[in-house]
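Here's the structure, in structure tokens; my notes come after.
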Amino acid sequence: MPTRYQPLYKWRGTKLNEKGEPTDLDWLGYDGEVIIGRIRMVSGGPKNGQWQWSGHGPHVPVRLTPHQGFEAKPREAMRKVEEYYHRLMRHNGLRGSKDDR
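If you count the sequence shown from 1, position 72 lands on 81 in this note's numbering, and the numbers rise without skipping.
Written as structure tokens, this is what we have:
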């Protein structure tokens, strides 16, 4: 059985509003205070049940694409965000705090 991906960064469930509880279907990844990306489960349409990932990061001179996509499992979507974040930072001469390359 394959080993389940262990995220490198802190992931927190997002709140739909200030009074709401965090949801298990929408997450933000953080490197300290920097939001590195978001994953969310798609509910409806042709991608129903898949996890959409979007890579973010700090303000940098050059952004990379593709910066979003879809995965079947939430941890794989987290992996895609974290890999994007490391590529983005390296491309701009920087490093994420968990990037050991």
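Don't be surprised by glycine CBs; every beta carbon is placed ideally from N, CA and C. A quick note: this is a predicted structure, and the numbers were derived from the prediction, not measured.
(message) Is the beta carbon of M98 closer than 8 Å to that of G66?
(response) In this structure, M98 lies closer than 8 Å to G66 by Cβ.
(message) Please report the distance separating the alpha-carbon of K56 from that of H76.
(response) 17 Å
(request) Please confirm whether R84 and Y14 have their CB atoms less than 8 Å apart. (result) R84 places its beta carbon less than 8 Å from that of Y14.
(request) Within the same chain, show all residues whose beta-carbon is closer than 7 Å to that of R104, passing over the 5 residues directly before and after it, in chain order. (result) M98
(request) Counting only the same chain and skipping the five closest in sequence on each side, list residues whose C-beta sits under 6 Å from that of K19. (result) Y39
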